[in-house]
Each structure stands twice: as C-alpha cells, then as structure tokens.
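Trainee: Counting from 1, one number per residue, gives the positions in the sequence shown under this note's numbering.
In this text, a Cβ means the ideal position worked out from N, Cα and C, and glycines have one as well.
Remember, it's a predicted structure, so these values are computed and weren't measured experimentally.
Mind having a look at this structure? Questions to follow.
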Amino acid sequence: MHPMLNVAVKAARRAGTVINRASLNLERLQVDRKQHNDFVTEVDRQAEAAIIETLSEAYPTHGFLAEETGAQNIEAENVWIIDPLDGTTNFIHGFPQYAVSIALSVNGITQQAVVYDPTRDELFTATRGAGAYLDRRRLRVATQDRLFNCLLGTGFPYREDQDLEKYLEVFADMSRQCAGLRRPGAASLDLAYVAAGRYDGFFESDLKPWDMAAGALLLTEAGGLIGNYRGEEGFLQSGEVMCANPRIFAQMVQCLSKYSNC
C-alpha cells in the first residue's frame, strides 16, 4: 500500500471509531441544520478533526478541502479532500448507509482514495495506476452491456435550492430505461458500489467534490468511466456526475445528456 494511502486508511478508521461510538447513543446526538434537510452533527465535526489531525501529523505542509471546516492551504501541491461522514441524514436516523471519504489530490489530480464504511467494516481503497480494492480483493466494474438490465444508483434532491421537478423527469425517464433505481443516500458509497460491481451505474447532480473525489478514483481504477451527463470531464467542479462500465456509460449518455446543466 502506498505510504500516503496507508495514512489515509489510518485516518478513515480513526473517524470510523468516532462514528461507531456515537451510533450507540443517537438519542444524545446534537444535530444542527445548515439549511433545509442538510444536517451536521457533532460527530461530523469530531470525525473531521480526527482525520485532519492524523493527516497533518504525517504531512504538515498539505492542504485540506473538507466539508465542515472548508478550505485550508488549498494552494499546496498536495490537498486532501474529505467528507468525514457522507450520509449524515442516514446516520442520525440509524440507517446504516454512510461512509468516511478521503482523497488526495496532487496538482489537481486525484492520486489516492479511501472510502470506509464503518457499519460493515468495508474498506475501499485506490491508488492511481495501481487498481482499486475492497480490503485485499481487486475490484472490477460489472460487465452488463444493456442498460435495460442494469441496476443503477442515484440521489434525490433534498435542498430547497435544487430543482426537484426536473429531477422527477430524469427519474421517470431513467426508470423506464433500466431494471431498477436505488437511492441509499451516500454518494461516496454509491461510487464505490459501482467500482465493486454492486451497481451497474450511478448518476446524480448537485454534489460537492468531497462527495465524489475518492469514489471517482475507485471507479476509474476498477475499469469504469465517469463524467457529467454529457460524458465530459469537469464533474468535480460542476457537481453533475454519471459513471458505469464503458458500454453502459455510452447508453447513459444518450439518456441523460439532454438533462445536463453543463
């Protein structure tokens, strides 16, 4: 394992310990609302602090782009992109679908990735050029070649500034094109599941870099393609993302490109 990835795994597991401990006393959890349906808890903040402390001890000159504390020294060559608890709404309801997501960007290119599911103790990792793994098992995207037979992941709009009516059009259209759609509520895990072949593809809009950076590297290292709804690059900046194996990716572009905001 690459030394930087090894440190990221240590940070993710440390955050997972914070999250698992808190999950035993959800009734005592302090929950704040950033905006409608967008929550943050003391656990998000504690897990993020644990991650940044672990990474900073090993790499004091590195920068951070984190969901709760924002940007720190992001002009640095090495920047860690962190979501300490992806799926906070799930977590506060005791729904076991959430994850820690950590990625390392070097000169703007993601080089290392960790997505850790503390409820199942599943560790997804990737190093650019060295493949993606679930624990020690090499990951490959599914081999399905017809969208009609595919199980896809997606995400529903949940904030007031998102266009729910437009998404309902997309949802209805894609529902007719595939075998099923699922919305568990943690984009980093959705991307990891495509990398692992559990989903055949995934699409969502209005995401943030910390939702996608680690999962995107897992996906490409597992042989998949990722882009916006037109199949183009820049999804980390636009927040509009779609991924699948190459054959399904092309079919999803045909369905989703007309809904692209890019």
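Residues in its own chain within less than 7 angstroms of Y59 by CB, not counting five upstream and five downstream?
Mentor: Non-local C-beta neighbours of Y59 in its own chain, meaning closer than 7 angstroms and more than five positions away in sequence, comprise N78, ordered along the chain.
Trainee: Can you give me the C-alpha to C-alpha distance between N245 and T125, rounded to a whole angstrom?
Mentor: Whole-angstrom Cα-Cα distance: 19 angstroms.
Trainee: Sort out for me which residues DSSP pairs G180 with in a bridge.
Mentor: BP columns for G180 point to L151.
Trainee: Just to confirm my understanding: we take V253, look at its own chain, exclude 5 residues before and 5 after, and list those with CB closer than 6 angstroms. What are they?
Mentor: G231
Trainee: Grouping DSSP H, G and I as helix and E and B as strand, with all else coil, what is E204?
Mentor: strand
Trainee: Across which residues does DSSP place C243 in a beta bridge pair?
Mentor: F202, I226
Trainee: Terminal residues of the continuous alpha helix (DSSP H) containing Y193?
Mentor: 187-195
Trainee: Indicate the three-state DSSP secondary structure (helix, strand or coil) for Q251 in the structure shown.
Mentor: helix
Trainee: Span of the beta strand (DSSP E) holding G63?
Mentor: Per DSSP, G63 belongs to the beta strand (DSSP E) from 63-66.
Trainee: Taking the alpha carbon of D117 as the point to measure from, which residue in S175, G129, G87 has its own alpha carbon closest?
Mentor: G87
Trainee: To the nearest angstrom, how far is the alpha carbon of E165 from that of A196?
Mentor: 31 angstroms
Trainee: Please classify H93 as buried or exposed, where buried requires at least 16 neighbouring CB atoms within 10 angstroms.
Mentor: The residue is exposed, with fewer than 16 neighbouring Cβ atoms inside 10 Å.
Trainee: If you draw a straight line from the alpha carbon of L207 to that of L225, how long is it in whole angstroms?
Mentor: 18 angstroms
Trainee: Return the Cβ separation of S188 and D44 in integer angstroms, given the expectation that the two are a contact with Cβ distance under 8 angstroms.
Mentor: At roughly 14 angstroms, the Cβ-Cβ gap does not stay under 8 angstroms, so S188 and D44 are not in contact.
Trainee: DSSP on Q144, reduced to helix/strand/coil?
Mentor: coil
Trainee: I'd like to check one pair, A214 with T110: are the Cβ atoms closer than 9 angstroms?
Mentor: Cβ atoms of T110 and A214: closer than 9 angstroms.
Trainee: I need the DSSP call for Q97, collapsed to helix, strand or coil.
Mentor: coil
Trainee: Rounded to whole angstroms, what is the Cα-Cα separation between Q72 and A22?
Mentor: 27 angstroms
Trainee: On a CA-only basis, which of S260, S56, N6, F95 is nearest F203? Give me that one, please.
Mentor: S260
Trainee: To the nearest angstrom, report how far apart Y98 and K258 are at their CA atoms.
Mentor: 31 angstroms
Trainee: Per DSSP, G234 is paired with what?
Mentor: None, per the DSSP bridge assignment.
Trainee: By how many angstroms is the C-alpha of G70 removed from the C-alpha of M4?
Mentor: 21 angstroms
Trainee: Give the straight-line distance between the Cα atoms of Q35 and T89, rounded to the nearest whole angstrom.
Mentor: At Q35 the pLDDT is 49, less than 50, meaning the model places this residue with poor confidence; the figure from the coordinates comes in the next sentence. The straight-line gap from Cα to Cα measures roughly 13 angstroms.
Trainee: Indicate the three-state DSSP secondary structure (helix, strand or coil) for S105 in the structure shown.
Mentor: strand
Trainee: What are the residues that DSSP puts in a beta bridge with D83?
Mentor: S101
Trainee: Among the residues of its own chain, which have a CB less than 6 angstroms from the CB of H2, if the five just before and after it don't count?
Mentor: T127
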